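Residue numbers (full-length UniProt numbering): 1 to 138.
Note that beta-carbon positions come from the ideal geometry of N, C-alpha and C, so glycine has one too.
Note that the structure is predicted; figures quoted are calculated from it, not measured.
Worksheet: the structure to be examined is printed underneath.
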């Protein structure tokens, strides 16, 4: 439910819209719009612009949110050809807009900044590092 609470509070043109949750057979599902154009990794071959994701990341950090899992497969392309940041499963709202979170040992290894390999908490800096790796990825 932490993911739902963090995602629900975010309203930005480059973050995937959150509609709500749905529980079925003891599984909790998150409801959002279906995005036909797929992920950034699939789409970037034709449209190499990542500025919208950088703007979404700036917005998250300005609102005290560490995403925790920035990578190309967590960036979708909507019908208006806009990048939408998604997958807030590892996100955390910080107490301060300057501090890191207590999230440790989770995320996708390839996109983790080196300090996270040694159990340091995720931070705005580790999100920025993951975004840089995403740029290199695509």
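Selection from the options that minimises the alpha carbon distance to residue i
i           : options           : result
residue 30  : 7, 73, 94 and 130 : 7
residue 135 : 90, 74 and 15     : 74
residue 60  : 23, 39 and 86     : 86
residue 11  : 56, 67, 25 and 72 : 56
residue 68  : 122, 46 and 43    : 122
residue 129 : 66, 4 and 1       : 66
Contact under 8 angstroms by Cβ, residue i with residue j
i           : j          : result
residue 111 : residue 70 : yes
residue 52  : residue 83 : yes
residue 131 : residue 54 : yes
residue 19  : residue 9  : no
Straight-line Cα distance separating residue j from residue i
i           : j           : result
residue 120 : residue 27  : 31 angstroms
residue 92  : residue 58  : 15 angstroms
residue 124 : residue 15  : 17 angstroms
residue 98  : residue 64  : With a pLDDT of only 48 at residue 98, under the threshold of 50, the placement of this residue in the model should not be trusted; the figure read from the coordinates follows. Distance between the alpha carbons of residue 98 and residue 64: 8 angstroms.
residue 81  : residue 40  : 10 angstroms
residue 127 : residue 117 : 14 angstroms
residue 100 : residue 37  : With a pLDDT of only 41 at residue 100, under the threshold of 50, the placement of this residue in the model should not be trusted; the figure read from the coordinates follows. Straight-line Cα distance between these residues: approximately 33 angstroms.
residue 90  : residue 24  : 22 angstroms
residue 137 : residue 22  : 33 angstroms
residue 79  : residue 34  : 10 angstroms
residue 94  : residue 45  : 35 angstroms
residue 5   : residue 113 : 26 angstroms
residue 105 : residue 13  : Low confidence applies here, because residue 105 scores a pLDDT of 49, under 50, leaving its location unreliable; read the following figure in that light. Whole-angstrom Cα-Cα distance: 30 angstroms.
Sequence ranges, alpha helix (DSSP H) only - wholly within the UniProt domain "Protein kinase" (1-138), length at least 4 | Within the UniProt domain "Protein kinase" (1-138), the complete alpha helix (DSSP H) runs of at least 4 residues are 2-8, 40-43, 51-62 and 124-137.
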